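Using the working numbering, read the sequence shown as starting at 1 and increasing by one per residue. The structure appears right after this line, and notes come after that.
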Amino acid sequence: MQSGLAYMTGPPGRPLRAGAPVIDILGGVFGVVAALSALRERDVTGVGQKVSSSLFESATFMLGALVVGSAVIGGPMPPMPTRKNAWGVYDVFTALDGGQIFIGCTSDGHWQRFCDAFGFDDWRDDPRLLGNANRCDAREWMLPELERRITQLPLDEILAKCEAARVAYSRVGRPDELSVDPHLLANGGLLATAVAGFGGGPLVGIPALPVEFGDARDRPGLERQPPRVGEHTDDILGAAGYSAREIADLRTAGILGASTHVPA
């Protein structure tokens with residue numbers, strides 16, 4: 001909220017938090033970047049140092065371009081839902097069967113192939129729509145008509161036409177659908193993880209770290225499943241110096257819960 005990210009995300013007067021913990025994740029990422037940078041410097045100088053990252057500063061870093069934009073226009077940037085679009089077509093459309101798709105035409109080639117694929121012969125060479133600047137100026141009348149035309153087609157047909165047109169497009173998905181996403185399944189981007197019952201439930205495909213290493217494009221895997229409650233109690237106490245007898249006494253006294261240790 002303080003950084004302005006919520007202000008830019010929601011409609012005017014309705015600041016809206018991001019739909020995922022982007023700032024928490026980004027703060028962690030910057031912490032890792034800082035630690036790795038300090039380690040590389042230590043390799044050269046032999047001197048370590050303290051590093052830190054901040055949630056607030058991580059959020060403000062994402063707003064850098066908008067700070068510049070505000071300086072250029074001499075006032076606050078309008079929230080994303082009301083900003084003048086930089087592209088003539090860069091919007092979400094609803095199909096005949098209720099599915100939704102994002103379509104982006106960011107070049108004249110995109111626009112011409114888009115019109116060819118969808119049979120919009122009346123628009124392909126319309127002088128009012130030649131060039132992205134003209135298409136942006138025409139959004140007020142063009143976009144409602146484009147929405148009307150798109151709404152007459154089922155989602156699968158729209159997807160096929162966008163693929164044929166080689167434009168930027170994507171079906172609007174939900175997070176729960178990622179566990180069966182064809183791209184993630186094909187490139188090892190999902191890790192079979194037990195998520196229910198603190199490690200004891202069914203396995204769900206959780207997105208892996210978005211990095212690859214080497215020519216084999218190896219991804220970091222899952223070191224261990226999330227533990228059941230109490231699964232590693234004995235191991236942790238043993239590493240802390242408690243004997244097996246002392247651990248048993250703590251359990252008998254009710255200080256520890258029943259062991260749920262699962263043999264490897």
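Beta carbons are placed, not taken as given, at the ideal position from N, Cα and C, and that holds for glycine. Predicted model only: the values in this text are computed from it and were never measured.
Kindly indicate which three-state DSSP category aspartate 91 falls into: helix, strand or coil? In this structure, DSSP gives aspartate 91 an extended state, which the three-state scheme calls strand.
Excluding five sequence neighbours on each side, which residues of the same chain lie with their C-beta closer than 6 Å to the C-beta of valine 68? There are no such residues.
Using only the alpha-carbon positions, how far apart do alanine 264 and histidine 232 sit? Here the model assigns alanine 264 a pLDDT of 48, short of 50, so the residue's position is not dependable, and the following value carries that caveat. Taking the straight line from one Cα to the other gives about 12 Å.
In terms of residues, what are the limits of the beta strand (DSSP E) holding alanine 194? Per DSSP, alanine 194 belongs to the beta strand (DSSP E) from 190-194.
Here's a check: name, in chain order, each residue in its chain whose Cβ is nearer than 7 Å to the Cβ of leucine 237, leaving out the five neighbours to either side. These residues qualify, in order along the chain: Ile247.
With a threshold of 8 Å on Cβ separation, who are the neighbours of tyrosine 242 within its own chain once the five nearest residues in sequence on each side are excluded? Listed in chain order, the non-local C-beta contacts of tyrosine 242 below 8 Å within the same chain comprise Leu250, local neighbours out to five positions each way being set aside.
Are the CB atoms of proline 12 and threonine 82 within a distance shorter than 7 Å? A contact, by the Cβ cut-off of 7 Å.
For the alpha helix (DSSP H) holding glutamine 112, just list the boundary residues, first then last. First-last of the alpha helix (DSSP H) with glutamine 112: 108-118.
If you drop the 5 nearest sequence neighbours on each side, which residues of the same chain put their C-beta closer than 6 Å to that of glycine 257? Closer than 6 Å at the Cβ level, and outside the excluded window around glycine 257, lie Gly230.
For histidine 183, does the count of other Cβ atoms within 10 angstroms reach 16, so buried, or fall short, so exposed? Residue environment for histidine 183: exposed (fewer than 16 other C-beta atoms within 10 angstroms of its C-beta).
If we count the other Cβ atoms within 10 Å of its Cβ and call it buried at 16 or more, is arginine 14 buried or exposed? Per the 10 Å Cβ criterion, exposed.
Where do the N-terminal and C-terminal ends of the alpha helix (DSSP H) with leucine 26 fall, by residue? For leucine 26, the uninterrupted alpha helix (DSSP H) run begins and ends at 22-45, by DSSP.
To which residues of the same chain is glycine 28 closer than 8 Å at the C-beta, ignoring the five residues directly before and after it? These residues qualify, in order along the chain: Ser53.
With contact counted as at least three CB pairs below 8 Å, one residue from each stretch, are the segment 139-153 and the segment 69-76 in contact? Flag = no, the segment 139-153 and the segment 69-76 do not touch.
Can you check which of these residues, Thr94, Asp176, Gly109, Asn134, is closest to leucine 146 by C-alpha distance? When each option's Cα is compared against that of leucine 146, the closest is Thr94.
Do leucine 66 and methionine 77 have their C-beta atoms closer together than 7 Å? Yes, the pair counts as a contact, with Cβ atoms nearer than the cut-off.
Phenylalanine 56 classed as buried or exposed, judged by whether at least 16 other C-beta atoms fall within 10 angstroms: With a threshold of 16 other beta carbon atoms within 10 Å, phenylalanine 56 falls short and is exposed.
First through last residue of the alpha helix (DSSP H) which encompasses tyrosine 7: Looking at the DSSP string, the run of the alpha helix (DSSP H) that includes tyrosine 7 is 5-9.
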